[in-house]
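Everything on this sheet refers to the single structure shown next.
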Amino acid sequence: MQNGSVVSAGHRIDEAIVDVEVYADKARYHQLFAQLRQDDPVRWTEPSQYRPFWAVTKHADIAEVQKQPAIFLNGPRTSLNTIEAEEKIFAATGRRQAQRSIISTDGAEHAGLRQITQSWFLPNSVRKLEEDIGKLARELIDEMAERGDTCDFVDDIAAYFPLRVILLILGLGGDKAAEATILRLSKEMNGSLDKEHQRSKSQGEHMLQVVQEIFEFFKPVVANRREHPQNDLASIIANGKIGDQPLPDLTVFSYYLTVAVAGHDTTSASMAGGLLALLENPEQLAKLRENPNLMQPTVTEMVRWTHPVKHFFRTAAQDYELRGRKIREGDSLLMCYPSACRDEEVFADPFAFRVDRNPNAHVGFGIGPHVCLGQYLAKVEMSAFFKEFLARVSHVELAGEPVESQTLFMGGLKRLPIRYSMRQS
Ligand code: HEM
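Residue numbers (the numbering used here): 110 to 534.
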């Protein structure tokens, strides 16, 4: 780590913690968090445009918080929205978030919501999808071959693969219109601070519009699956109950939104950032090519390396002391997953990308009762894709500058131009 800190470069730390420009520059970003882990690991943060919070940057502290869900609640504050956005959303909906996703629920409601879909994401169920997932991977590599020798790996390949998998599970597989709509809306959903995707300078207005459009998109799907239930995830959610109570429509639409958006943007970000890591570390790529058995640790390392989810909040339900800091009831805590994924106390040489890293207990998928429901699916998808990719692409290199998205919440690379040659069959 260099000494020229983000602070001396003209930023106050509090502003840097919520600055998309810092997040879009991995070196600055990791420098900031390394400094926080060392000097102020549970930092009271008061950025000008956001309600204050504790920034929690150590792996052990995130685990301590998230493993105590009765003390640290997921609601009502879920993700970083500006005060302007929170007020606009509250005025329009009476809630702090435009949607009511499983991630913002607690206790019995959370357990009930998780139970509705859980069995679809267990290893046994995902294993049944392996053939379909492998087929989708082959089709995308076919598309790469048809394109010639260059593509943008994010826009042309990575964005489509997890999206097609999740649409298949939802029961909307092969629906090209659905694919295009969800792709556009999820870019907008996670790009509320990215000028390329912003609909309005007001983050609140942007979020309200995008969430409403996603709900509108799913309306006919919900109506159809209530009338004609099928063996798909869309039917399970549309007809889901907690106890004997059907889920309210808002919860149903929000569930679709979480599965569709969280299930695809994260995985494609890991794939693209993972490929870039292999290109930047050719000895690791060579090692993986020589030892296909390393695919499991490789995809786990790709998620640690890319940490596509930048944060979630927890809210203290009581006073609590964390690493000597006095957290007050009602305070919110920002779980800085990318920082924990580079924690020197947990990972040997944390800034090295290693395809054989073991152990690798990272928190890129979270930890505790809200731990990512789709983590097994994500790893199966990534393994299937890279297996096919390495088997058929004999050479791959960068063909331009990679570009990171501007997001404080979820995402990774938005452009990764590559040049490649296919193995002659
Ligand atoms: C590399 C890909 C992925 C990453 C990095 C990721 C990351 C995360 C994280 C950090 C959380 C919050 C965990 C916590 O609070 O402890 C989460 C929750 C969740 N993820 Fe993922 N995720 C990925 C892929 C997926 C996929 C493929 C799906 C399935 C469609 C999915 C569905 C969910 C759901 C439904 C939750 C909410 C769980 C709950 O609140 O109980 N995710 N994910």
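Note that the Cβ used here is the ideal one computed from N, Cα and C, for glycine as well. Source: prediction; values computed, not measured.
- Query: Which residues in the same chain as LEU486 place their Cβ atom closer than 7 Å to its Cβ, once the five residues preceding and following it in sequence are excluded?
  - Reply: PHE230, VAL235
- How about PRO478 and HIS168: do their beta carbons lie closer than 8 Å? Their beta carbons are not under 8 Å apart, which means PRO478 does not touch HIS168 by this criterion.
- Query: What span of residues does the alpha helix (DSSP H) with TYR159 cover, start to end?
  - Reply: Note, TYR159: premise wrong, no alpha helix (DSSP H); not H, not E.
- Message: Counting beta carbon pairs with one atom in the stretch 417 to 425 and one in the stretch 445 to 456, are three or more of them shorter than 8 Å?
- Response: yes
- Would the C-beta of ARG223 count as close to the ligand HEM, meaning under 7 Å from any of its heavy atoms? yes
- Does the separation of the CB atoms of GLY210 and LEU366 fall below 8 Å? Note on identity: in this sequence residue 210 is Ser, with Gly being the wrong assignment. Their beta carbons are under 8 Å apart, which means SER210 touches LEU366 by this criterion.
- Over the uninterrupted alpha helix (DSSP H) stretch that includes MET404, give me the two end residues. 404 to 415
- Task: Work out the CA separation of ILE122 and VAL116 for me, nearest whole Å.
- Result: For VAL116, the pLDDT reaches just 45, beneath the cut-off of 50, and the residue's location in the model is therefore unreliable, leaving the point undetermined.
- Message: Helix, strand or coil for GLN147? Go by DSSP, reduced to three states.
- Response: helix
- Task: With a threshold of 7 Å, establish whether the CB of LEU384 neighbours any heavy atom of the ligand HEM.
- Result: It does not: the Cβ of LEU384 is nowhere closer than 7 Å to a heavy atom of the ligand HEM.
- Among the residues of its own chain, which have a CB less than 8 Å from the CB of SER213, if the five just before and after it don't count? ASN183, GLY184, PRO185, THR187, GLN206
- Task: Alpha carbon to alpha carbon, how far is SER530 from CYS260? Give it in angstroms, no decimals.
- Result: 11 Å
- Message: Taking its Cβ as the centre, do 16 or more other Cβ atoms sit within 10 Å of GLN224, making it buried, or is it exposed?
- Response: Counting Cβ neighbours within 10 Å, GLN224 comes out exposed, since fewer than 16 surround it.
- Message: So, does the stretch 151 to 162 touch the stretch 401 to 415, judging by three or more C-beta pairs under 8 Å?
- Response: no
- Message: Taking its Cβ as the centre, do 16 or more other Cβ atoms sit within 10 Å of PHE199, making it buried, or is it exposed?
- Response: exposed
- Kindly confirm or deny that the stretch 296 to 315 and the stretch 272 to 280 touch, where touching means at least three C-beta pairs closer than 8 Å. no
- Kindly provide the ranges of any alpha helix (DSSP H) runs that are 4 or more residues long and lie completely inside the stretch 243 to 292, ordered along the chain. 269 to 279
- In terms of alpha-carbon separation, which member of ARG463, THR415, SER492 lies closest to ALA395? ARG463
- Query: Between the C-alpha atoms of TRP153 and ALA164, what's the straight-line distance to the nearest angstrom?
  - Reply: 6 Å
- Message: To the nearest angstrom, how far is the alpha carbon of ALA381 from that of ARG528?
- Response: In this structure, the CA atom of ALA381 is about 14 Å from the CA atom of ARG528.
- Item | Distance, ASN469 Cα to PHE456 Cα | 7 Å
- Task: Starting from the Cα of ILE242, find the closest Cα among GLU288, LEU294, ASP341, ARG273 and give me that residue.
- Result: ARG273
- Query: When the distance is taken between beta carbons, is GLN318 closer than 8 Å to LEU302?
  - Reply: no
- Message: Tell me the residue span of the alpha helix (DSSP H) that contains ARG104.
- Response: In the structure displayed, the chain extends from 110 to 534; residue 104 sits before or after that span and is not available.
- Message: Applying the 10 Å Cβ sphere with the 16-neighbour rule, what's the burial state of ARG437?
- Response: exposed
- CB-CB length for PHE474 against LEU189, believed under 8 Å: About 19 Å separates the two Cβ atoms, so there is no contact after all.
- Task: Given a cut-off of 8 Å, decide if ILE351 and LEU222 are closer than it, judged by their beta-carbon atoms.
- Result: yes
- Task: Mind reading off the beta-carbon distance from GLU239 to ALA493? Whole number of angstroms is fine, and I expect it under 8 Å.
- Result: So it is a contact: roughly 7 Å between Cβ atoms.
- ARG247 versus ALA267: straight-line alpha-carbon distance, rounded: 13 Å
- Using a Cβ-Cβ cut-off of 6 Å (strictly less than) and excluding sequence neighbours within five positions of SER344, which residues of its own chain qualify? These residues qualify, in order along the chain: ARG334, PRO338.
- Item | Reduced DSSP secondary structure (H/G/I, E/B, other) of ILE436 | strand
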